[in-house]
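See below for the structure under consideration.
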Amino acid sequence: MYKKILLLLTLILFSFIVSCNDKDNKEANINNRLQDDEYITKIVESNSK
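Reminder that position 49 of the sequence shown reads as 49 in the UniProt record's numbering, one-by-one numbering, no gaps.
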């Protein structure tokens with residue numbers, strides 16, 4: 001009985017950690033895209049001069 005409860009708690013904790021990590025990755029991806037957009041804009045502006 002105790003083993004089943006322990007296993008369940010471990011699974012809940014693991015899924016919570018994974019979901020938090022996934023959220024951080026999404027935020028990082030959004031920031032990277034914004035930086036890429038700024039970089040591309042600068043290149044285009046410098047080429048059009």
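Beta carbons: idealized from backbone N, C-alpha and C, even for Gly. As the structure is a computational prediction, the values presented were derived from the model and not from experiment.
Just the Cα atoms here: how many angstroms apart are Cys20 and Met1? 29 Å
Straight-line Cα distance separating Lys49 from Glu38: 17 Å
Expressed to the nearest angstrom, what Euclidean distance is found between the alpha-carbon atoms of Leu13 and Thr41? 43 Å
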